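**Q** The following block contains the structure, expressed as C-alpha cells.
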DNA sequence: CATTTTTGTTAATGTAAGGTTAAAAGGTAA
DNA sequence: TTACCTTTTAACCTTACATTAACAAAAATG
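Residue numbers (UniProt numbering), protein chains in the order written: chain F, 1 to 234; chain A, 1 to 234.
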C-alpha cells in the first residue's frame with residue numbers, strides 16, 4: 001500500500017539521546033536521518049525530501065527555531081515537531097509562530113511520540129496529496145512554472161515572479177475556476193490572518209491581474225468576503 | 001472581515017474554570033457555547049455547527065472520550081482538543097485514538113491555548129472541504145451554486161448573489177416545495193430572531209423574488225405567520 | 001368593519017471589503 | 001555604503017452588503 005517508508009529528519013545534538021531515539025523510530029518502520037546540529041540538519045534537509053522533521057530546540061550554533069525558519073522558506077508544508085527540555089511558554093509560542101505542528105517535552109514517552117507522529121502524518125495525508133509536487137500550470141495562454149518562478153505568455157519571454165506572487169498564483173491555479181478562500185491563502189502563504197496580511201494579499205492580487213491582462217480570457221474574480229477565483233473563459 | 005466569528009463548543013464541568021475559560025476565549029473573539037457536562041455537550045453539538053470542540057476529560061456521567069466518540073460519529077472533521085488534569089499516558093494515547101487534534105494539561109497557559117487554537121484552525125483551513133456537490137441546486141430553470149454564490153438562468157450569464165441572498169435561497173432550495181419556517185432561517189442565517197432581523201429577511205425575500213421572476217414557474221410563497229415556501233410549478 | 005399584525009417593496013444610510021497606487025520598510029548582494 | 005528587489009503599510013477611492021425606515025398591501029383578529 002505505502003509507496004515508501006516515511007522519512008524523518010531528526011536533528012538532535014545529544015549523541016546518546018539522538019541515537020536512542022533514532023533506533024526507536026527505525027524499529028517502528030521509519031527511515032531516519034540523524035543530524036547532529038542545525039547546520040548539518042539544514043544541509044541534509046536540502047538534499048532529501050522528508051515527511052517530518054523533529055528538531056531539538058536547544059542546539060549549539062543554530063537553534064531549532066532558526067533551523068525551522070530556514071526549512072519553512074524552502075518548504076511550507078513539511079510538518080515540524082520541536083523537542084524541548086521543559087515547558088517554556090516563550091518556546092512554545094515561538095514554535096507555533098514558526099509553524100510548528102506539535103511540541104514535545106523531554107523527557108517524553110516514546111509511545112506518545114509515536115502517536116503524535118502518526119496523527120501528524122495522517123493529517124498531512126489528507127491535505128491534498130498532489131499539493132506539494134505540482135509546479136507546472138497552464139492558465140489560458142500562460143505557462144506558470146512555480147518552481148523556477150516564471151510566467152510565460154504564448155511561449156514568449158518569461159516574466160519573473162517574486163516568491164509571494166508565485167505562491168499566490170500557484171494557489172489560485174491549484175483551485176482554477178473554483179473558490180480559493182482568502183483564509184487559505186493567508187494561512188498557507190503568510191502564515192497569519194490579520195488585516196495587514198489581508199491587505200498585502202490584495203496588493204498581490206492587483207499585481208497578478210496586471211500580469212494576466214495579456215490574455216483577456218483569464219481573470220481573477222473576487223467573491224466578496226470569501227476569496228478569489230481564477231477563471232479561464234472559453 | 002470574517003463572515004462570522006469562529007464557534008467553539010466548550011464542555012467543562014467545573015463551573016469556575018469553565019466560566020473563566022469561556023470569558024477568556026470570548027475576549028479573544030471566539031463565539032463560545034459552554035456545556036456543563038457530556039450530555040449537554042452532545043445536545044448542543046447536534047444543534048449547531050462548531051469550528052472546534054474543547055472537551056474536559058474528567059466529567060461525571062459522560063467523560064470526554066465518550067463524548068468525543070459520539071461527536072466523531074456525527075462529524076469526522078471537527079477538531080477536538082482535550083483538557084486533562086495531568087499528563088497521564090493512557091489518557092493521551094486514548095485521546096489520539098479517538099481522533100484528538102491536540103492535548104492540553106491543566107493548568108495551562110492561556111496564551112498557549114490560543115496559539116494552539118489558531119494553529120488548529122489554520123490546519124483545518126487548508127483541508128479544502130470542496131468535495132461534495134452539496135453546493136449545487138437546480139430550481140426550475142435556474143442553477144444555484146451556493147459555494148461560488150451565483151445563480152444562472154438556462155445557462156445564461158450568472159448573477160452574483162450576496163452572502164445573505166445566497167444562504168436564504170439555499171435554505172429555501174433545501175426545503176423545496178416545503179415550508180421553510182421563518183424562525184429556522186432567522187436562527188440559521190441571522191443567528192438571531194427579532195423584529196429587525198425578520199424585516200431584513202423580508203427584504204431579502206423581495207430581492208430573491210426579483211431574481212426568480214425570469215422563470216414564472218418558480219415562486220416564493222408566504223405562509224402567513226409561518227414562513228416561506230419555494231415552489232416549482234410543473 | 002375597524003384595527004392590529006404581518007408581509008411586500010423601495011429607497012436611504014452606514015459600514016466593511018476590495019482595487020489601486022505610491023511610499024516606506026526590510027533584505028541582500030555588490 | 002549604494003543599489004536593487006521584495007514586501008508591507010498607508011492612503012484614497014469604489015463597490016458590495018446589510019440594516020433600517022417608510023409606506024403600502026394583505027391577512028388575521030375580535
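All residues carry an ideal CB built from backbone N, CA and C; glycine is no exception. Model, not experiment: these values are computed from the prediction.
1) Can you find the residues in the same chain that come closer than 7 Å, C-beta to C-beta, to residue 194 (chain F), ignoring five residues on each side of it along the sequence?
2) What span of residues does the beta strand (DSSP E) with residue 39 (chain A) cover, start to end?
3) Please state the DSSP three-state secondary structure of residue 18 (chain A).
4) Note down, in chain order, every chain F residue with its Cβ under 7 Å from the Cβ of residue 163 (chain A).
5) Exposed or buried, residue 134 (chain A), counting other C-beta atoms within 10 Å across all chains shown (16 or more means buried)?
6) In angstroms, rounded to a whole number, what distance separates the CA positions of residue 109 (chain A) and residue 218 (chain A)?
7) Within the 7 Å Cβ cut-off, does residue 59 (chain F) reach chain A?
8) In chain order, what residues of the same chain have a beta carbon less than 8 Å from the beta carbon of residue 57 (chain F), not counting five sequence neighbours either side?
9) Is the region 220-229 of chain A touching the region 157-164 of chain A, taking contact as three or more C-beta pairs under 8 Å?
10) I'd like the span of the alpha helix (DSSP H) that includes residue 153 (chain F), first residue to last.
11) I want to verify the contact list: residues of chain F whose CB lies under 7 Å from the CB of residue 122 (chain A), in sequence order.
12) Let's test the definition: count the other Cβ atoms within 10 Å of the Cβ of residue 61 (chain F) and tell me whether it reaches 16, buried, or not, exposed.
13) So, residue 177 (chain A) versus residue 231 (chain A), is the Cβ gap smaller than 7 Å?
14) Which term fits residue 131 (chain A), buried or exposed, when burial requires 16 or more other beta carbons within 10 angstroms of its beta carbon?
15) By the DSSP assignment, the beta strand (DSSP E) with residue 229 (chain F) in it spans what residues?
16) Could you check the C-alpha separation between residue 54 (chain A) and residue 233 (chain A) for me, to the nearest Å?
17) Quickly, what does DSSP pair residue 185 (chain F) with across the bridge? List them, please.
18) Which bits of chain A does residue 206 (chain F) rub up against, with CB to CB less than 9 Å?
19) Hey, residue 208 (chain F) and residue 169 (chain F): beta-carbon distance below 7 Å or not?
20) Using a Cβ distance threshold of 8 Å, determine whether the region 112-126 of chain A contacts the region 43-54 of chain A, with at least three qualifying pairs required.
21) Using 6 Å as the cut-off, classify the Cβ of residue 211 (chain A) as near or not near the heavy atoms of the ligand GDP, replying yes or no.
22) Taking beta-carbon pairs under 8 Å, can you tell me which members of the region 141-158 of chain A lie near chain F?
23) Does residue 76 (chain A) come out as helix, strand or coil in the three-state DSSP assignment?
24) How long is the line joining the alpha carbons of residue 157 (chain F) and residue 151 (chain F), rounded to whole angstroms?
25) Could you give the residue range of the beta strand (DSSP E) that holds residue 35 (chain F)?
26) Does any C-beta atom of chain F lie closer than 7 Å to the C-beta of residue 30 (chain A)?
27) When DSSP builds the beta bridges, which residues end up paired with residue 180 (chain F)?
28) So, for residue 33 (chain A): in the same chain, excluding its five sequence neighbours on each side, which residues have a beta-carbon less than 8 Å away from its beta-carbon?
29) Taking residue 11 (chain A) as part of the beta strand (DSSP E), name the residues at either end of that continuous run.
30) Quickly, what does DSSP pair residue 223 (chain F) with across the bridge? List them, please.
31) Using a Cβ-Cβ distance cut-off of 7 Å, determine whether residue 24 (chain A) contacts chain F.
32) How would you list, in chain order, the residues of chain F whose beta-carbon sits under 9 Å from the beta-carbon of residue 96 (chain A)?
33) At the level of alpha carbons, what is the spacing between residue 27 (chain A) and residue 31 (chain F)?
34) Examine chain F for any beta-carbon lying closer than 7 Å to the beta-carbon of residue 129 (chain A), and answer yes or no.
35) Output the distance between the C-alpha atoms of residue 228 (chain F) and residue 111 (chain A), rounded to the nearest integer angstrom.
36) Which residues in the same chain have their Cβ closer than 8 Å to the Cβ of residue 181 (chain F), if we skip the five residues on either side of it in sequence?
**A** The answer reads as follows:
1) No residues qualify anywhere along the chain.
2) Taken as a continuous stretch (DSSP letters only), residue 39 (chain A) belongs to no beta strand (DSSP E), being part of the alpha helix (DSSP H) at 38-47.
3) In this structure, residue 18 (chain A) counts as helix in the three-state DSSP scheme.
4) Near residue 163 (chain A) (Cβ distances below 7 Å), the residues of chain F are 225.
5) Per the 10 Å Cβ criterion, exposed.
6) Their backbone Cα atoms lie some 56 Å apart in a straight line.
7) Closer than 7 Å: no.
8) Counting only Cβ-Cβ distances below 8 Å, and skipping sequence neighbours, we find 63, 64, 65, 82, 83, 84, 85, 91 and 95.
9) No: fewer than three Cβ pairs fall under 8 Å.
10) For residue 153 (chain F), there is no enclosing alpha helix (DSSP H); the enclosing beta strand (DSSP E) has its first and last residue at 150-153.
11) Neighbours of residue 122 (chain A) on chain F, chain order: 187.
12) Under this definition residue 61 (chain F) is an exposed residue.
13) Yes; because the gap between Cβ atoms is below 7 Å, this pair is in contact.
14) A caution first: residue 131 (chain A) carries a pLDDT of 44, below 50, which makes its placement in the model too unreliable to give a value.
15) 227-232 is the span of the beta strand (DSSP E), which, as asked, contains residue 229 (chain F).
16) Those two C-alpha atoms are separated by around 47 Å.
17) For residue 185 (chain F), which the question treats as bridged, DSSP gives no partner whatsoever.
18) Correct list: empty, because the minimum Cβ distance to chain A is about 18 Å.
19) Yes, they are a contact pair.
20) The answer is yes - the region 43-54 of chain A touches the region 112-126 of chain A, with three or more Cβ pairs under 8 Å.
21) The ligand GDP is not among the ligands present in this structure, which contains no ligands whatsoever.
22) Residues of the region 141-158 of chain A with a C-beta less than 8 Å from any C-beta of chain F: 147, 148 and 149, listed in chain order.
23) The three-state secondary structure of residue 76 (chain A), taken from DSSP, is coil.
24) The straight-line gap from Cα to Cα measures roughly 9 Å.
25) For residue 35 (chain F), the enclosing beta strand (DSSP E) covers residues 31-35.
26) Residue 30 (chain A) does not count as touching chain F.
27) F:228.
28) Excluding residues within five positions, the ones whose Cβ falls inside 8 Å are 7, 8, 9, 10, 44, 48 and 50.
29) 7-11 is the span of the beta strand (DSSP E), which, as asked, contains residue 11 (chain A).
30) For residue 223 (chain F), which the question treats as bridged, DSSP gives the partners F:227.
31) No, residue 24 (chain A) lies away from the interface with chain F (no Cβ there is under 7 Å from its Cβ).
32) Neighbours of residue 96 (chain A) on chain F, chain order: 112, 115, 116, 118 and 119.
33) Pairing residue 27 (chain A) with residue 31 (chain F), the inter-Cα distance amounts to about 45 Å.
34) Since pLDDT at residue 129 (chain A) reaches only 46, below the 50 mark, its modelled position is unreliable, and the value read off the structure follows with that caveat. Chain F contact via Cβ: absent.
35) Near 32 Å, if we compare the C-alpha coordinates of residue 111 (chain A) and residue 228 (chain F).
36) Excluding residues within five positions, the ones whose Cβ falls inside 8 Å are 226 and 227.
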